[in-house]
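This report refers to the structure that appears directly beneath it.
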Amino acid sequence: MDGSPDALHAAPAAEREAVIKVRGLVNQFGPQVVHENLDLDVYRGEVLGIVGGSGTGKSVLLRTIVGLNRPRAGKIEVFGQDVLSISDKERREVEKRWGVLFQDGALFSSLTVLENIEAPMREHLKLSPALMRALGNLKVRLVGLPGFAGSKYPSELSGGMRKRAGLARALALEPEIVFLDEPTAGLDPIGAAAFDDLIKQLQESLGLTVFMVTHDLDSLHAICDRIAVLAEKKVLVTGSMKDMLSVDHPWVHEYFHGPRARAAQGQD
Amino acid sequence: MAATLTSPAPPALAVEDGPDRAVARFGGRLVVAGLVALEAAAADLRPPAGKPITLDLSEVEALDTAGAWLVLQLKARLEASGASVEIAPGDPARAALIETVARALPDAEEDAGGRRGFVAWLEGVGAGVVGVKDTAVSLLGFLGLTLARLTAGILRPWTLRKAALFHHMQEAGFNAFPIVALMSFLIGIVLGFQGASQLQQFGAEVFVVNLIAISLLRELGILLTSIIVAGRSGSAFAASIGSMKIREEIDAMRTLGLDPIDVLVVPRTLALLIMLPVLGFISNMAGLIGGGLMAWVDLGVSPGMFVTRLYETTGVWHLIVGMVKAPFFAVVIAVVGCWQGMLVGGSAESVGQRTTQAVVMAIFLVIVIDAVFSIFFSEMGV
Ligand SMILES: Nc1ncnc2c1ncn2[C@@H]1O[C@H](COP(=O)(O)OP(=O)(O)OP(=O)(O)O)[C@@H](O)[C@H]1O
Ligand SMILES: [Mg+2]
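Take a look at the structure:
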């Protein structure tokens, strides 16, 4: 992380356990280098917000950590295990402990919402069908969907509803880490705020670690403990919202001091 | 509560009967992984009657939404039996989680059950029967629309989309040459061989030429070609249009003022209309070569003799009778494929179903039309 305002990293690193540790990550598609020597720590129990301009590789970073994209170089540790070199069996154990919400929901289109939520439970937990159904219905309501939505197919839902259903599926196994790719995009402001509250509650009572890609400044304000800015092919700076305000990189400054940022701060 | 001290602690539940209230103490990790055991324990819980009950979570190590659900379930059950129940969550974060889950608790009636059972099956059968009529109407409507646009396009050829047309001629036509030729060649060999072994018994070997030529030219050449093209291209049309439908590309086209019939269906139909007769002709030739080879090897009918007999005994109208059918088959295959693609809705599975449907239906219709032509030609005495 040479040359970046590094001082901001220092504070919490010492005491806290890093559940995700990314070192020297390189991602490249053809000639286009997306990440170059990217380092990132995510600590247990925190909500980390990832911000960055469109196309800076936020989704690619998320996909790389969860193993959907093989990096050119670098090391990724999750729960202390090197996920790039572990066996398939160990990998499946790790996968049970995280949940992923994709940018566009990525629900199984031939299953109803309820069946989508039950799918990972059926695969990994030994629960009776009735219990699965009850928990599935609970998840449907938890993410703010009406009860009847459970029997609908994804194509019969609105974009925002699909997003919520995707979150319900990501939470199905009660994971320790959830990866959220723009969870509040496409939600109405009230729904987005309720979604933020839900994430915060889960995080506090479960010790959930949240890796959240977001452009929603209200979310960043409301629930993110730490923010990591992706720019110039790496994590340019990490720190709290307050730290962000004093960074003088032009993009970061523009992002956190623009008219929308000011509006979001005004609400606090 | 010794159980709660072990690590990783399994969930635990114990009841203490105090002087004026009973306390059910939960311990360990109240999470979905241990839910089954805990549910059984909770179901067995028989607190002393007549006293208020506290569900104490202060010794719980971790609580997730499934655990909170279980606690609330227990509370509801105990309250239904007349007890007054309160939950002692231990810390504010857990209190908030329990609150959230309580708010999300589904009401039984409103909930989604599965779509299954006998009634659902019966409903499906009924819908299927009614669907046959709707299907026919829909197909005819689509056919009419396509033919109208196709005619309009042919009358004003500069409006056709040439790039798409040539692309599909390549895909559905030229790329199918080898397989069609090979298959027909083999069919010719089979016909020659089977024909020879039967005709030899009458000493009428030389009629094998008539047998091969007439059956191939009139029926088999074009029919088998159509079946292969239905399997290759009908399915490709359905799958590609279906995938576009799912990703809302077709909707996007409409909003951009592009008509999906003009953009997608007309070029595909026209491409098959041009290429299927060519493929049929290649199939005929390859079949004759295969049959001729067999006649030569097996019966000693020399190639020269084969060709001579072919000219003498087999009128050109046999070829025409076969080729006349090609455009009809082409339209059926293309229209059924595109139409099934347009009917794809919602799920990825639907793409698969519609693709299968497209192939099965196209082959079925091709054979029906072929039968109709057969009857027609024999009535006409051609
Ligand atoms: N599979 C791929 N093949 C080639 N290039 C890719 C691929 N996936 C992503 N990219 C490129 O990587 C870059 C980063 O993409 P990414 O989806 O991570 O952006 P993002 O930061 O999530 O943006 P947004 O905020 O718009 O979602 C883009 O320039 C994109 O073109
Ligand atoms: Mg993205």
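Protein sequence lines correspond, in order, to chains A and B.
Reminder that position 136 of the first sequence reads as 136 in UniProt numbering, one-by-one numbering, no gaps.
Reminder that position 269 of the second sequence reads as 269 in UniProt numbering, one-by-one numbering, no gaps.
C-beta: ideal position from N, C-alpha, C; glycine also.
CA-to-CA distance, residue j to residue i, given in whole angstroms
i	j	result
A/Ala193	A/Leu125	31 Å
B/Val129	B/Met342	21 Å
A/Val237	A/Val19	19 Å
A/Gln28	A/Ala130	46 Å
B/Leu256	B/Lys245	15 Å
A/Thr112	A/Arg262	41 Å
B/Ala213	B/Gly234	28 Å
A/Met161	A/Ser59	21 Å
A/Leu48	A/Asp225	6 Å
B/Gly291	B/Ile189	5 Å
B/Leu272	B/Gly173	7 Å
B/Glu79	B/Arg354	52 Å
A/Leu138	A/Ile227	31 Å
A/Val213	B/Ser58	34 Å
A/Gly147	A/Ala134	11 Å
B/Gly126	B/Val132	10 Å
A/Pro189	A/Ser219	10 Å
A/Arg260	A/Leu217	8 Å
B/Ala43	B/Leu13	11 Å
B/Ala49	B/Ala83	7 Å
A/Glu17	A/Gly159	36 Å
B/Leu199	B/Gly300	13 Å
B/Leu365	B/Trp339	14 Å
A/Asn69	A/Asp181	15 Å
A/Ser54	B/Asp91	40 Å
Cβ pair residue i, residue j closer than 9 Å
i	j	result
B/Thr146	B/Val263	no
A/Trp98	A/Phe195	no
B/Val15	B/Gly67	no
A/Arg141	B/Arg103	yes
B/Phe281	B/Ala295	no
A/Val210	A/Gln203	yes
B/Trp69	B/Val36	no
B/Leu74	B/Ala22	no
B/Gly286	B/Val229	Per the sequence shown, residue 286 of chain B should be read as Ala rather than Gly. Not a contact, by the Cβ cut-off of 9 Å.
B/Val331	B/Leu143	yes
B/Val344	B/Gly242	yes
B/Ala236	B/Gly346	no
A/Val51	A/Val247	no
A/Arg23	A/Glu77	yes
B/Ser226	B/Leu182	no
A/Pro154	A/Ser109	yes
A/Leu206	B/Leu63	yes
7 Å Cβ shell around residue i - same chain, five flanking residues per side excluded
i	result
B/Asp111	A caution first: B/Asp111 carries a pLDDT of 49, below 50, which makes its placement in the model too unreliable to give a value.
A/Leu167	Leu101, Val143 and Pro183
Beta-carbon proximity list for residue i, same chain, < 8 Å, skipping 5 on both sides
i	result
A/Val26	Val33, His35, Glu36, Asn37, Leu38, Pro71, Arg72, Ala73 and Gly74
A/Glu90	Gln81
B/Arg254	Pro260
A/Glu254	none
B/Thr269	Thr146, Leu150, Ala330, Val331, Ala334, Val335 and Cys338
A/Ser85	none
Cβ-heavy atom distance, residue i to ligand 2, below 8 Å
i	result
A/Gln103	yes
A/Asp181	yes
A/Val51	no
A/Val213	yes
Own chain partners of residue i with C-beta closer than 6 Å, once the 5 adjacent residues on each side are dropped
i	result
A/Phe256	Met244 and Leu245
B/Phe193	Met294
B/Arg309	Val209
Ligand 1 heavy atom lying under 8 Å from the CB of residue i
i	result
A/Val60	yes
A/Leu230	yes
A/Val34	yes
A/Ser110	no
A/Thr56	yes
A/Phe29	yes
Residue i CB to nearest heavy atom of ligand 3 below 8 Å
i	result
A/Thr184	Absent from the structure shown: ligand 3. Ligands present: ligand 1 and ligand 2.
> Do the region 157 to 173 of chain A and the region 107 to 122 of chain A meet, that is, are 3 or more Cβ pairs less than 8 Å apart?
Replying inline: yes
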